[in-house]
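Novice: Here the sequence shown stands for residues 12 to 466, where the numbers follow this note's numbering.
By construction, the Cβ of each residue, glycine as well, lies at the ideal position given by its N, Cα and C atoms.
Just so it is clear, the structure is predicted and the values come from calculations on it, not from any experiment.
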Amino acid sequence: MADLLLAAGPAGSHLFESVTAGGPLSRWSILFAAPTERLTKAIDDQAAFLPRWQAAISRRPDERGEWTRLLAEHDLPADFPFVGGWSFFLAYEMAGEIEPTLDLPAFALGQASGFPQAVAEYHPAALVRDHERGEDVVVHDGSDEGRRLARRLLLARESATTGEPRSVELETLDAPMGAPHRERVQRVRDYLFAGDIFQANLSHAWDFRLADDVPSSAVYQSLCRRNPAPFAAWYRQPEGEILSSSPERLLRVADGRAETRPIAGTRRRDVDPERDRDLVEQLRGHPKERAEHVMLIDLERNDLGRVCEPGSVAVDELMVVESYAHVHHLVSNIGGQLPATTSPLEALAACFPGGTITGCPKVRCMEILAELEQTGRGPYTGSLGYLSNHGPLDSNILIRSVYLSPDGRGQFRTGGGIVADSDPARELDETYQKARGVLDALGGEAALAVGVPRE
12 MADLLLAAGP AGSHLFESVT AGGPLSRWSI LFAAPTERLT KAIDDQAAFL PRWQAAISRR
72 PDERGEWTRL LAEHDLPADF PFVGGWSFFL AYEMAGEIEP TLDLPAFALG QASGFPQAVA
132 EYHPAALVRD HERGEDVVVH DGSDEGRRLA RRLLLARESA TTGEPRSVEL ETLDAPMGAP
192 HRERVQRVRD YLFAGDIFQA NLSHAWDFRL ADDVPSSAVY QSLCRRNPAP FAAWYRQPEG
252 EILSSSPERL LRVADGRAET RPIAGTRRRD VDPERDRDLV EQLRGHPKER AEHVMLIDLE
312 RNDLGRVCEP GSVAVDELMV VESYAHVHHL VSNIGGQLPA TTSPLEALAA CFPGGTITGC
372 PKVRCMEILA ELEQTGRGPY TGSLGYLSNH GPLDSNILIR SVYLSPDGRG QFRTGGGIVA
432 DSDPARELDE TYQKARGVLD ALGGEAALAV GVPRE
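What follows is the structure, given as structure tokens:
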């Protein structure tokens with residue numbers, strides 16, 4: 012759908028896209044029209060963002076009942092995702108607003124980054140693609156601007172053309188060196204043996220610069236081709252762009268139910284089908300992976316338990332394997348019933364950031380990760396999502412994601428869960444394995460050829 016966003020010009024803003032084929036997570040994609048309201052929180056802004064956003068939501072009329080009637084009247088599915096409403100971005104460092112005891116380093120790419128720590132934008136119109144039915148639905152909120160933008164999106168749909176894929180080339184790539192990461196893995200293990208934590212997700216950064224003539228659209232389309240995922244996104248702001256091929260849901264809220272879908276456990280793919288099946292069985296049966304996964308399920312149950320009805324939180328999918336272009340993942344689904352008085356933003360705050368990319372216990376892990384990583388994560392392990400006027404909220408965890416600054420510099424990060432018996436060399440290998448999909452999108456072997464050799 013990137014061609015539609017390009018054809019929409021100034022009438023379009025962002026694209027949240029399900030690129031995988033088939034399955035319950037791959038039905039919907041959303042092209043958001045230009046926003047009519049924008050709330051931001053700068054990196055150095057100490058004012059609370061979430062209450063300001065909740066106040067902006069509350070100022071708008073509650074039309075959920077009317078939207079339910081309209082969806083049924085137009086024979087649209089009950090789980091239709093978006094009818095107009097909010098898109099949002101939360102950087103990892105927004106955890107410091109939710110948990111004020113945290114002192115997290117600020118995100119900076121190069122010398123400085125003006126990318127906000129949080130953004131919420133109101134979109135009066137959108138184009139929603141139903142991959143199951145093979146149809147596009149243009150929706151608007153009934154406002155004059157919503158109607159105007161809806162017409163522009165319809166025109167874009169008629170005029171969009173799919174051109175030849177552009178190649179992606181890098182001018183530079185600074186790949187992370189191995190020795191520092193192995194040392195940090197050992198320091199995490201020291202904290203584990205001291206009893207401070209049970210597991211922590213340690214990451215490191217890959218910095219690059221695009222060749223002069225490479226547009227961000229080419230990077231996004233390359234990511235989608237080489238690493239298709241159910242929570243992909245092309246998110247555009249004046250201060251930079253986020254290009255995501257995330258496989259992981261942070262939180263979904265719909266019909267009073269909140270669900271999170273943690274990924275914990277990874278194995279590489281193999282071109283040989285038999286070896287690939289063996290790797291799946293290794294992942295399913297590996298004691299370390301299963302123990303780590305159960306620990307993180309308990310963390311997510313605790314997060315949901317803070318806002319859900321007592322006794323309602325349960326695991327309805329346990330350690331299933333999801334396979335992507337370059338890796339297999341171990342995934343579970345946990346859900347609970349929200350009280351009528353609990354808002355989707357309260358549920359989001361309870362689960363943010365995701366436990367799979369921090370560790371357990373969450374706050375102490377974030378303190379240790381700040382000490383060891385020493386730089387802000389920014390978009391990495393933050394979240395992109397939407398909150399529709401008719402109620403649903405859905406959001407991803409920003410892994411397998413690239414941040415691009417307006418001057419062509421970029422960064423992505425990769426990490427992995429560290430437990431007491433983690434091997435530093437193997438953990439380093441896992442971060443490189445997770446980088447494969449992004450590196451392929453940035454030019455494959457040519458991208459590595461301009462990078463710093465691993466040592």
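1. Excluding sequence positions up to five away, which residues of its chain have a Cβ less than 8 Å from the Cβ of Ala66?
2. Excluding the five sequence neighbours on either side, which residues of its own chain have a C-beta within less than 8 Å of the C-beta of Gln197, listed in chain order?
3. Output the distance between the C-alpha atoms of Ala123 and Gly387, rounded to the nearest integer angstrom.
4. In the DSSP output, what is Trp78 paired with across the bridge?
5. Report, in whole angstroms, the separation of the C-beta atoms of Arg38 and Ser255, which I expect to be a contact under 8 Å.
6. Quick check on the burial criterion: 16 or more other C-beta atoms within 10 angstroms. Buried or exposed for Ala361?
7. Let me check understanding here. Comparing Cα to Cα, which of Ser214, Leu17, Leu359 lies closest to Gly174?
8. Mark Asp405 as exposed unless 16 or more other C-beta atoms lie within 10 angstroms of its C-beta, in which case mark it buried.
9. Between which residues of its own chain and Val149 is the CB-CB distance below 6 Å, once the five residues before and five after are set aside?
10. By a C-beta neighbour count over all protein chains shown, 10 Å radius and 16 as the cutoff for buried, is Ala58 buried or exposed?
11. Report the option in Glu357, Asn313, Ile345 whose CA atom is closest to the CA atom of Pro372.
12. For Arg447, does the count of other Cβ atoms within 10 angstroms reach 16, so buried, or fall short, so exposed?
13. Would you mind giving the Cβ-Cβ distance between Leu294 and Glu303, rounded to the nearest angstrom? I have them listed as a contact below 8 Å.
14. Among Met105, Leu439, Gly419, Leu15, which has the Cα closest to the Cα of Glu250?
15. Are the beta-carbon atoms of Pro46 and Tyr133 separated by less than 9 Å?
16. What's the call for Asp283, buried or exposed, on a 16-neighbour Cβ count within 10 Å?
17. Spatial neighbours of Phe204 within its chain, please: CB distance less than 7 Å, with the 5 preceding and 5 following residues excluded, ordered by chain position.
18. Counting only runs of 4+ residues fully inside the stretch 99-178, write out the alpha helix (DSSP H) ranges in chain order.
19. Using DSSP with H/G/I as helix, E/B as strand and the rest coil, what is Asn400?
20. Pick out whichever of Gly426, Leu439, Val374, Glu382 has its Cα sitting closest to the Cα of Glu110.
21. Does DSSP put Ala22 in a helix, in a strand, or in coil?
22. Buried or exposed: Ser170, going by 16 or more other Cβ atoms within 10 Å of its Cβ?
23. CB-CB under 6 Å to His401, same chain, minus the five flanking residues each way: which ones, in chain order?
Specialist: According to the data block:
1. none
2. Cβ neighbours of Gln197 beyond the five flanking positions: Pro435.
3. Confidence in Ala123 is poor, its pLDDT being 45 and thus under 50, which makes the residue's placement too unreliable to answer from.
4. Paired residues: none, contrary to the question.
5. Not quite, the Cβ-Cβ distance comes to about 18 Å (not below 8 Å), so this is no contact.
6. Buried, since its Cβ has 16 or more Cβ neighbours within 10 Å.
7. Nearest C-alpha to Gly174: Leu17.
8. buried
9. Leu138, Ala161, Leu164, Leu165
10. exposed
11. Asn313
12. buried
13. Actually they do not touch by this definition, with Cβ atoms about 12 Å apart.
14. Gly419
15. yes
16. The Cβ neighbour count for Asp283, taken over all protein chains shown within 10 Å, is under 16; the residue is labelled exposed.
17. Ala431
18. For the stretch 99-178, whole alpha helix (DSSP H) runs of length 4 or above, ordered along the chain, are 106-109, 155-170.
19. coil
20. Val374
21. helix
22. exposed
23. Arg75, Trp78, Val94
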